[in-house]
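Report on the following structure.
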Amino acid sequence: MNTKVSSNNEQRKLARVSIPDHPQVFDAHSGATVGQLVNLSAEGLMMMSTTAVNPGSLLQLRIPLQCNNEVVEILLGAESLWCDETDESGICWTGLHIIDISPEHQEIISTLVYD
38 MNTKVSSNNE QRKLARVSIP DHPQVFDAHS GATVGQLVNL SAEGLMMMST TAVNPGSLLQ
98 LRIPLQCNNE VVEILLGAES LWCDETDESG ICWTGLHIID ISPEHQEIIS TLVYD
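Going by the working numbering, the sequence shown opens with residue 38, and the numbers climb by one from there.
Below is the structure:
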């Protein structure tokens, strides 16, 4: 199940949900794993990975998401806004802004976030 995330300390404009199963995030072209999805909003996502994604990097991603009892492959383009490498475990946290997505896939994300 998805868990809504909120905090009085955060300056978020849009609702977002935690994705507890942390599905793999793949490079849409090579198929290589680039990280795991942590949370999702209508306009962005946060992922964790073992490799830093430099701010300003553009990525084409494929993310399998559970929606209405089936797995849907979401394809999107995203820009890295920030990357935090301070975790001593070697995990990098990256915030990404969705810059290209089909209306159908945007609707699926909106359903996950707002339902």
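Built from N, CA and C at the ideal position, the CB exists for glycine as well.
Please read all numbers here as calculations on a predicted model, not as lab measurements.
Please state whether DSSP places residue i in a helix, a strand or coil.
i, result
"residue 144", "helix"
"residue 135", "strand"
"residue 47", "Residue confidence is low: residue 47 scores 44 on pLDDT, short of 50, so the model does not pin down where it sits. Its coordinate-derived value is still stated next. Residue 47: coil per DSSP, three-state reduction."
In whole angstroms, what separates the C-alpha of residue i from that of residue j?
i, j, result
"residue 140", "residue 87", "31 Å"
"residue 92", "residue 130", "11 Å"
"residue 135", "residue 144", "13 Å"
"residue 149", "residue 94", "26 Å"
"residue 127", "residue 84", "14 Å"
"residue 82", "residue 73", "10 Å"
Name the two residues that bound the continuous beta strand (DSSP E) containing residue i.
i, result
"residue 88", "Note, residue 88: premise wrong, no beta strand (DSSP E); not H, not E."
"residue 58", "Note, residue 58: premise wrong, no beta strand (DSSP E); not H, not E."
So which of the options has the shortest CA-CA distance to residue i?
i, options, result
"residue 103", "80, 151, 53 and 58", "58"
"residue 70", "108, 62 and 151", "62"
"residue 121", "110, 112 and 133", "133"
"residue 117", "138, 90 and 76", "90"
"residue 108", "54, 99 and 67", "99"
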